[in-house]
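Heads up: the sequence shown begins at 628 in this note's numbering, then just goes up one per residue. Beta carbons are placed, not taken as given, at the ideal position from N, Cα and C, and that holds for glycine. Treat the numbers as computed from the prediction; the structure is a model and nothing was measured. Here the structure comes first, spelled out in structure tokens, and everything after it is commentary.
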Amino acid sequence: MTPIFTAIGNACIDLMAAVDDDFLIRNDIPKGLCRFVDDIALLNMIKSGMGKYQPIPGGAGANVAHVMSALGHESHFISKIGADAEGTAFHNHMEENGVTCHFPSTMPHRSTSQILTLITPDSERTFLSFDDVTKTSSADDFDFDLLRATDFLYLDGYCFVSPHTAQAFVKAGVAVRHRGGHVTFNIGDAEYYTTQKDNVTTVLDVCDSIICNMAEARVLFGSQDPDTAASLAQKMADRFLFGAITDGPNGATVFHNHSIAHVPAISVDPAAMADTNGAGDHFSAGFIYGLMNGYSLEQSGRLGILCATDCIGHTGARPLGGRGSLKHLAEYAGS
């Protein structure tokens, strides 16, 4: 029987635009960082000055669900959208690409989350995050019939913009773990451990797996010593059944049942790299897909690397195709 995969995450629309440094200065946007915007009027004013931009459905958990579908696996996504054009576009895009969405009734007085990605001539990315409807998310929005049937659950740390996320994630995790399923957490940003340490700790307690990058691993599990990926993975393996630490051009360190392996990155000509947005989400989906489908630890890590490499070859954080479009990568990694 095919394992059921479900992701819970932030449903948002990514709006990507090329801007100059003066645009950032005029709008009081700190370069290279993420500014949170609460006022839809302010957001629209900034958007009006961006010129031409490309709307792309995004969100880390949603990206993972899309990649899972592209690998040919049944994929479900739980989130929340507003009753607006952005929410409709997001929902349609997910369904068209083979992901089954589980949304509560849309909220007419709330807007779908949006993230503006502003790219300056030096290729630096700066973000503005508008998280309106996501701030209202709670366990009441979750499909617990689906969760009780789920074999692998992926939790997206970017949902912490809602004050109810930690307890909602715990309830979802308990529902999955109660019947022997697995729960994976990706914190999304090391800063969350600084601002929401108690919530992160609460969620980790219900998880049996974790995926993070080196910066996040050092914050979560490191010490004042210069921890290597291997030493951090050993600490993580003492607590979790499986997991991974991604490290950009250095590849990834993966573990399962106390076995630890390093998977090298694939060399890519810089001229062929579009951007790295979504590469981590692609890795997460590939790695979990491998473990779900009986691949070895090394094969699972290799599939994660293959998916991430495919991502950086094009603009945007989603696969270019729909259901099954990356199946050739799964077949190659598993051979």
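| Check | Outcome |
| --- | --- |
| Using the beta-carbon count (16 or more within 10 Å), is residue 870 buried or exposed? | buried |
| Could you check where the alpha helix (DSSP H) with residue 673 kicks off and where it finishes? | 667–675 |
| Is residue 784 near residue 814, with beta carbons less than 7 Å apart? | yes |
| Is the stretch 649–660 close to the stretch 879–897, with three or more CB pairs under 8 Å? | no |
| By alpha-carbon positions, which one of 799, 892, 714 and 919 ends up nearest to residue 695? | 919 |
| Relative to the C-alpha of residue 947, which candidate in 713, 687 and 724 has its C-alpha closest? | 724 |
| Ordered along the chain, which non-local residues of its own chain (more than five positions away) have a Cβ less than 6 Å from that of residue 830? | 793, 796 and 812 |
| Judging by CA-CA distance, which residue of 690, 944 and 934 is the nearest neighbour of residue 893? | 934 |
| Determine the direct distance from the alpha carbon of residue 728 to that of residue 722, and round the result to whole angstroms. | 7 Å |
| I'd like to know whether the C-beta atoms of residue 887 and residue 860 end up nearer to each other than 7 Å. | yes |
| When the distance is taken between beta carbons, is residue 833 closer than 7 Å to residue 800? | yes |
| Cβ of residue 768 within 7 Å of Cβ of residue 674? | no |
| Whole-angstrom Cβ separation of residue 709 and residue 944, contact assumed at under 8 Å? | Going by Cβ atoms, the distance from residue 709 to residue 944 rounds to 21 Å, so no, they are not a contact pair. |
| Once DSSP output is grouped into helix, strand and coil, what is the label at residue 875? | helix |
| Tell me where the alpha helix (DSSP H) around residue 916 begins and ends. | 906–919 |
| For residue 880 and residue 907, I'd like the C-alpha separation in whole angstroms. | 13 Å |
| With 16 as the cutoff for other CB atoms within 10 Å, does residue 857 come out buried or exposed? | exposed |
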